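>
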Amino acid sequence: MRALVVEDEKHIAKFVQRGLREHSFAVDVAHDGESGLSLALSEEYDVIILDILLPRLDGKKVLSAIRADGLATPVIMLTAVDSVRSKVEVLDMGADDYVTKPFSTSELMARIRSLHRRSTARQQPELEVADLALDPASHQVTRGGRKIELTVTEYSLLYLLMENAGHPVTRTMIIEHVWDRNFDSFTNVVDVHVSRLRGKIDREFDKKLIHTIKGVGYVLAAEK
Ligand code: CA
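First residue of the sequence shown? That's -12 in this note's numbering, and the numbers climb one at a time after it.
1) May I ask you to check if the CB of Leu121 is nearer than 6 Å to at least one heavy atom of ligand 1?
2) Can you tell me the Cβ-Cβ gap for Leu41 and Asp19, rounded? I've got them flagged as a contact below 8 Å.
3) Based on the DSSP output, what are the partners of Thr159 in its beta bridges?
4) For Arg54, which of Asp38, Ile188, Met80 has the nearest alpha-carbon?
5) Between Tyr32 and Leu(-9), how many whole angstroms is the CB-CB distance? I'm expecting something under 8 Å.
6) Just to confirm, does Asp45 get its C-beta within under 6 Å of one of the non-hydrogen atoms of ligand 1?
7) Cβ of Arg98 within 7 Å of Cβ of Asp84?
8) Quick check: Ala13 and Leu26, are their CB atoms within less than 7 Å of each other?
9) Cβ of Leu40 versus every heavy atom of ligand 2: is any distance shorter than 6 Å?
10) Measuring CB to CB, does Asp15 end up less than 7 Å from Asp189?
11) Suppose you measure from the CA of Lys48 to the CA of Ala59; what does that come to, to the nearest Å?
12) Beta-carbon within less than 7 Å of Ala180's beta-carbon, same chain only, minus the 5 sequence neighbours each way: which residues are those?
13) DSSP state of Thr199, grouped into three classes?
14) Given a threshold of 16 other Cβ atoms within 10 Å of its Cβ, counted over all protein chains shown, does Leu50 qualify as buried or as exposed?
15) Relative to the C-alpha of Ser93, which candidate in Gly204, Glu9, Ala0, Lys(-3) has its C-alpha closest?
16) Using the three-state DSSP reduction, which class does Gly204 fall into: helix, strand or coil?
17) Any heavy atom of ligand 1 inside 6 Å of the beta-carbon of Glu(-4)?
18) Excluding the 5 residues flanking Lys1 on each side, which residues of the same chain have their C-beta closer than 7 Å to its C-beta?
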């Protein structure tokens, strides 16, 4: 899971970033509206946390531009003033939710989880490849009916592989979907996580589902 935080108050940005990272999100931060918008339009995020009062371009304009571009990424607005008018305004403008400052990490996480539940219930059916199943609504993964415990990174990785089942998933795709921009692509962290995932998904089973495509990446498929 990948998040973008657009907030000019550095201590709040840091606090949100830390909270999200503790919940295994990959997090990018922008400190003004313009750079936030350009990140939102050029990278892929699962959620955008957007402050309203921002230098260069305010949060409402950023949100309008994001929606005008056709991006449906869930957006949670940070509102400084607890005024009904601005809440109604941001929801009407296409934000999915908002939190009022000051807020706690647990409140923000609860909002993100609830957004995620709503969007997964709406759009994402259970994924199945052979006897491997992933339920986006409950985050539960089973193989042969047996429950498999995954870390959040492993889950994101498996989700990406299952979504593209039968098609190659490149290292670049994995890096873009599972890690943030500070990710050092020269390390072998992708391979390490794939290897851990294999340990949980494939090791005890005769039929292997995750296959390496030399020089490209990986594919998840029942038949190689
Ligand atoms: Ca601000």
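Even for Gly, the Cβ is constructed at its ideal location relative to N, Cα and C.
Since the structure is predicted, the reported quantities are computational estimates derived from the model, not experimental observations.
In short, the structure shows the following:
1) Sequence index remark: in the sequence shown, residue 121 carries index 134 (1-based). No, since every heavy atom of ligand 1 falls outside the 6 Å radius drawn around the Cβ of Leu121.
2) What you label residue 41 is simply residue 54 of the sequence shown in a count that begins at 1. What you label residue 19 is simply residue 32 of the sequence shown in a count that begins at 1. Yes, they are in contact, since the Cβ atoms of Leu41 and Asp19 sit about 6 Å apart, within 8 Å.
3) The residue labelled residue 159 in the question sits at position 172 within the sequence shown. DSSP, once it has assigned bridges, lists no residue as partnering Thr159.
4) In the sequence shown, the residue the question calls residue 54 occupies position 67. Considering only alpha carbons, the answer is Met80.
5) Position 45 of the sequence shown, counting from 1, holds the residue named residue 32. Position 4 of the sequence shown, counting from 1, holds the residue named residue -9. About 5 Å; that satisfies the 8 Å criterion.
6) Taking the first residue of the sequence shown as position 1, residue 45 is located at position 58. No, ligand 1 has no heavy atom inside 6 Å of this Cβ.
7) Within the sequence shown, the letter at position 111 stands for residue 98. Within the sequence shown, the letter at position 97 stands for residue 84. In contact: Arg98 and Asp84 (Cβ atoms closer than 7 Å).
8) Taking the sequence shown and counting its residues from 1, the one referred to as residue 13 is at position 26. Taking the sequence shown and counting its residues from 1, the one referred to as residue 26 is at position 39. Cβ distance not < 7 Å, so Ala13 and Leu26 don't count as in contact.
9) Among the ligands present in this structure, namely ligand 1, ligand 2 is not found.
10) As a working mapping, residue 15 is identified with position 28 in the sequence shown. As a working mapping, residue 189 is identified with position 202 in the sequence shown. For Asp15 and Asp189, no; Cβs fall outside 7 Å.
11) On the sequence shown, position 61 is the one that residue 48 refers to. On the sequence shown, position 72 is the one that residue 59 refers to. Taking the straight line from one Cα to the other gives about 16 Å.
12) Counted from its first residue, the sequence shown places residue 180 at position 193. First, the residue type needs correcting, since residue 180 is His and not Ala in the sequence shown. Cβ neighbours of His180 beyond the five flanking positions: Thr140, Glu141, Leu144.
13) Residue numbering aside, residue 199 sits at position 212 when the sequence shown is read from its first letter. Three-state DSSP puts Thr199 in a strand.
14) As a working note, residue 50 is residue 63 in the sequence shown. So Leu50 ends up on the buried side.
15) As a position in the sequence shown, residue 93 is number 106, starting the count at 1. Nearest C-alpha to Ser93: Glu9.
16) The count along the sequence shown starts at 1 and reaches residue 204 at position 217. Reduced to three states, the DSSP call for Gly204 is strand.
17) What you label residue -4 is simply residue 9 of the sequence shown in a count that begins at 1. Yes; taking the cut-off as 6 Å, the Cβ of Glu(-4) has a heavy atom of ligand 1 nearer than that.
18) In the sequence shown, the residue the question calls residue 1 occupies position 14. So no residue of the chain qualifies.
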